[in-house]
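Our numbering puts the first residue of the sequence shown at 4, with every later residue one more than the last. Note that CB positions come from ideal geometry on N, CA and C, so glycine has one too. As the structure is a computational prediction, the values presented were derived from the model and not from experiment. Read the structure below first, then the notes.
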Amino acid sequence: MRSVETIKNVAYGKGVRVSTVERVVTRADDCEELGNLYFRLSDIYRRLETEGITEAERETLMSDRADLTAKIMEYRGYLEGYDE
Numbered sequence: 004m005r006s007v008e009t010i011k012n013v014a015y016g017k018g019v020r021v022s023t024v025e026r027v028v029t030r031a032d033d034c035e036e037l038g039n040l041y042f043r044l045s046d047i048y049r050r051l052e053t054e055g056i057t058e059a060e061r062e063t064l065m066s067d068r069a070d071l072t073a074k075i076m077e078y079r080g081y082l083e084g085y086d087e
């Protein structure tokens with residue numbers, strides 16, 4: 004993703020630094036990321052169909068699938084927010 008980030012404000016207090024960051028992302032960037040997420044999801048489905056997969060591996064892949072599905076929904080929401 005080729006987003007552009009600009010630091011707008013920096014505040015210091017109690018041993019921490021808090022920065023306000025503005026990130027500008029294009030529709031093309033969001034489409035690219037969504038495509039990458041779908042590609043990763045297809046790999047998970049392929050791996051789930053592999054013979055000899057252990058139950059632990061299956062559980063890990065199912066967890067990864069759930070995480071990716073949530074991220075896909077997030078990016079689909081971003082894309083729905085752009086003006087047509």
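Asked	Found
Cβ-based burial, residue 25 [other Cβ within 10 Å; buried from 16]	exposed
Where residue 16 sits in the DSSP three-state scheme	strand
Inter-stretch contact at 8 Å, needing at least 3 Cβ pairs: the segment 40 to 55 / the segment 10 to 22	no
Beta-carbon gap between residue 51 and residue 82 smaller than 8 Å	no
Cβ-Cβ distance between residue 23 and residue 12 below 8 Å	yes
Residues bridged to residue 7 (per DSSP)	27
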